[in-house]
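Each residue of the sequence shown is one higher than the one before, starting from 8 at the first, in the working numbering. Report on the following structure.
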Amino acid sequence: MCLATPAKVKNIDKQTAEVDFGGIQKNISLGILSGVKKGDYVLVHAGFAIGKVSKEDALDTSLALKELKDVLRDEGI
8 MCLATPAKVK NIDKQTAEVD FGGIQKNISL GILSGVKKGD YVLVHAGFAI
58 GKVSKEDALD TSLALKELKD VLRDEGI
């Protein structure tokens, strides 16, 4: 199973974007996804933007991942 995490695009420099994963900044590749603009939300897998998503979907997914992390932590997993 592969996991893609939503992130907000903060800055773009050619084929690289600085994105924000809920407070964590990373640089990712835009090499396989075109049409990305500052302020967009993208799905990131293995350091690559693989798709664009709406703000609402990005926030819903981020919340679900946080809730999953909390449950796993509480279960000692």
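Ideal Cβ positions, reconstructed from N, Cα and C, are used throughout, including at glycine.
Check                                                                                            : Outcome
Glu72 in three-state terms, based on DSSP                                                        : For the sequence presented, residue 72 should be read as Leu rather than Glu. Looking at Leu72 - three-state DSSP - the assignment turns out to be helix.
Stretch-stretch touch, CB-based, cutoff 8 Å, three pairs: the region 44–56 with the region 71–82 : no
Alpha-carbon spacing of Ala14 relative to Val43, whole angstroms                                 : 12 Å
Contacting residues, own chain, Cβ-Cβ under 7 Å from Asp27 (five flanking each side not counted) : Ala14, Lys15 and Lys17
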